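Residues in the sequence shown are numbered from 6 upward in steps of one, following this note's numbering. Ideal Cβ placement from N, Cα and C applies to all residues, glycine included. Because the structure is a prediction, the values reported are computed rather than measured. Below: one structure, written as structure tokens.
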Amino acid sequence: MKWIEWAVVGVLIFFPFATINQIDVELMRQTMLLELRYDAAMDAAVDAAAQALIINADQQHESRYESVKRVAVNTEEALTAFYRTLYTNFGISGDPVAQGVLNRYIPVIVVIGYDGFYVYAEDEWTDRNGQTVMAPAWGTKRPYAYTDSSGNSYSFTLDEQVLVYAAATRSWHEGFRRDIQAEANIPLLRDAALFHEVRLSTIVGAIQDELSYRINKHNEVALRNGLSYTFTLPSIPLEEWHNTIADVGVVAFMQGIPMGRKEYNNYALGGSRVMKQTEIVGAMKDNMKVYYRRSCPYSYPIEETFASEKTAAQQGYMPLSCSSF
């Protein structure tokens, strides 16, 4: 056989393999592009939801003076913004059937509030007619609760504001850690670093435990509806958790969407940074009226608050610098 005939035979043998390899490469490229598109859609939806959290219809529930993080979260506005943005980015805004299919791949959405969190997931209840209903719904607020080895109970927040039950004295104490540490006489309150560590681990642990439970419940529902994909709680780095719980925010999961030879499985975290004017506090230092920024670590009796230093000065208060502490 001549060499040219051998060459033809070689081409015939290797051509199918080259073609298959080219198809695989193109499929991988399309899958990566699709995954990037889904990632962008999830990030945009969660960011929109996080920003919608601070849309409050009731002005009485706006941020409190004691903490700029203490804002009422509007879960319904957040949910509406999430799905509206998600549907738009998936190109199914006017297709309720496609929206229903996509929803099956979102096992749980979490809203992180100041003193607790809310979960939107599949739930079962009995309606007024005695019929069993299975549908996504918001659960009740879950507190960031912790109990130490001495029986003291804590309800943490996204900052140092805390509600404590002192087991030894059977008394309740509420306020910033630095303000109630003496009266409560609990070791954890006197150790700022340990308090911070326990607070963060309690918040993250409470959310993770609830997520695991909800995703397991979603697997049961998905199995009954014919979905063979097993939903799992992805491993989220602690650094991402800590950044997320620095303020009110949203966590959402999307899993199991067929995408080439694999399934799409990802999550998105979004925080809602509430930008506010610097709060000026008017207080009494001995018998002198002073004013300073709320962020300064003073504990003088507060008389009133102001939107600016100029307003405080006009009311007879003298400036007090944080550096004086």
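Q. Can you check whether the CB of A288 is closer than 7 Å to the CB of P306?
A. The residue labelled residue 306 in the question sits at position 301 within the sequence shown. The residue labelled residue 288 in the question sits at position 283 within the sequence shown. A contact, by the Cβ cut-off of 7 Å.
Q: Find out if the Cβ-Cβ distance for the pair P141, E127 is shorter than 7 Å.
A: Stepping through the sequence shown from its first residue, residue 141 is reached at position 136. Stepping through the sequence shown from its first residue, residue 127 is reached at position 122. Yes; because the gap between Cβ atoms is below 7 Å, this pair is in contact.
Q: Identify, in the order they occur along the chain, each residue of the same chain with its Cβ nearer than 8 Å to the Cβ of Y332, setting aside the five sequence neighbours on each side.
A: Lying outside 6 to 330, the shown extent of the chain, residue 332 is not represented and no answer is given.
Q.
So, with DSSP's three-state summary, where would you put K146?
A. Walking along the sequence shown from the start, residue 146 turns up at place 141. K146: coil per DSSP, three-state reduction.
Q.
With H, G and I counted as helix, E and B as strand and the rest as coil, what does DSSP make of I114?
A. Here residue 114 corresponds to residue number 109 of the sequence shown, with the count starting at 1. If DSSP states are grouped into helix, strand and coil, I114 belongs with the strands.
Q) On the three-pair Cβ rule with 8 Å, is the segment 203-218 touching the segment 146-165? A) They touch, by the three-pair rule.
Q. Opposite R298 in the DSSP bridges: which residues?
A. For the purposes of this step, residue 298 is taken as residue 293 along the sequence shown, with counting starting at 1. Note: R298 sits in a beta bridge opposite I285.
**Q.** Sequence-distant residues of the same chain with beta carbon closer than 8 Å to S304, five excluded per side
**A.** By 1-based counting over the sequence shown, the position of residue 304 is 299. If we look at S304 and ignore the five residues flanking it on each side, its Cβ neighbours are R183, D184.
Q | Contact set for D52: own chain, Cβ-Cβ below 6 Å, skip 5 residues either direction | A | In the sequence shown, the residue the question calls residue 52 occupies position 47. G275, listed in sequence order.
Q.
Looking at the secondary structure, which residues open and close the beta strand (DSSP E) in which Y272 lies?
A. Here residue 272 is taken as the residue at index 267 of the sequence shown, counted from 1. Its beta strand (DSSP E) spans residues 267-276.
Q. From the beta carbon of Y322, is the nearest beta carbon of chain D less than 7 Å away?
A. Structure shown: chain D not included; a single protein chain is present.
**Q.** Identified DSSP bridge partners for I307
**A.** As a first step, residue 307 is located in the sequence shown; it is residue number 302 there, counting from the start. A288, per the DSSP bridge assignment.
Q: Report the partner residues of Q104 according to the DSSP bridge assignment.
A: To locate residue 104, count along the sequence shown from 1; it is residue 99. For Q104, DSSP records no beta bridge to any residue.
(Q) For E82 and R219, I'd like the C-alpha separation in whole angstroms. (A) Locating residue 82 in the sequence shown gives position 77, where the first residue counts as 1. Locating residue 219 in the sequence shown gives position 214, where the first residue counts as 1. Each residue's Cα considered, the two are about 22 Å apart.
**Q.** Beta-carbon proximity check, F95 vs A50, cutoff 7 Å
**A.** Within the sequence shown, residue 95 is the residue found at index 90, counting from 1. Within the sequence shown, residue 50 is the residue found at index 45, counting from 1. Cβ atoms of F95 and A50: not closer than 7 Å.
Q) So L58 packs on V116, CB below 8 Å; how close in whole Å? A) By 1-based counting over the sequence shown, the position of residue 58 is 53. By 1-based counting over the sequence shown, the position of residue 116 is 111. The Cβ separation is near 7 Å, so the contact holds.
Q) By DSSP, does P192 sit in helix, in strand, or in coil? A) For the purposes of this step, residue 192 is taken as residue 187 along the sequence shown, with counting starting at 1. In the three-state DSSP reduction, P192 falls in the helix class (H, G or I).
Q. If you check the beta carbons only, do I285 and E314 fall under 7 Å apart?
A. Walking along the sequence shown from the start, residue 285 turns up at place 280. Walking along the sequence shown from the start, residue 314 turns up at place 309. In contact: I285 and E314 (Cβ atoms closer than 7 Å).
Q) Can you tell me whether T137 is buried or exposed, with buried defined as 16 or more other CB within 10 angstroms of its CB? A) Taking the first residue of the sequence shown as position 1, residue 137 is located at position 132. So T137 counts as exposed.
Q | Reference A54; option with closest CA among H223, N79, Y119 | A | Numbered from its first residue, the sequence shown carries residue 54 at position 49. A54 has its Cα closest to that of N79, out of H223, N79, Y119.
**Q.** Whole-angstrom C-beta distance between E188 and H178, which should lie under 8 Å
**A.** Sequence index remark: in the sequence shown, residue 178 carries index 173 (1-based). Sequence index remark: in the sequence shown, residue 188 carries index 183 (1-based). Right, the Cβ-Cβ distance comes to about 6 Å (below 8 Å), so this counts as a contact.
Q) Mapping DSSP to helix, strand and coil, what is E129? A) If you number the sequence shown from 1, residue 129 lands on position 124. DSSP places E129 in strand when its eight states are reduced to three.
Q: Look at the alpha carbon of V124 and the alpha carbon of I191, and state the distance between them as a whole number of angstroms.
A: Working through the sequence shown from its first residue, we reach residue 124 at position 119. Working through the sequence shown from its first residue, we reach residue 191 at position 186. Roughly 32 Å between the two C-alpha positions.
Q. Between which two residues does the alpha helix (DSSP H) harbouring I212 extend?
A. Against the sequence shown, residue 212 aligns to sequence position 207. From DSSP, the alpha helix (DSSP H) with I212 extends over 197-229.
Q: To the nearest angstrom, report how far apart D252 and R299 are at their CA atoms.
A: The residue you call residue 252 lines up with position 247 of the sequence shown. The residue you call residue 299 lines up with position 294 of the sequence shown. Each residue's alpha carbon lies about 17 Å from the other.
**Q.** Contacts around S155, its chain only, beta-carbon distance under 7 Å, and the 5 residues preceding and following it disregarded
**A.** Counting from 1 along the sequence shown, the entry for residue 155 is found at position 150. Cβ within range, chain order: A172.
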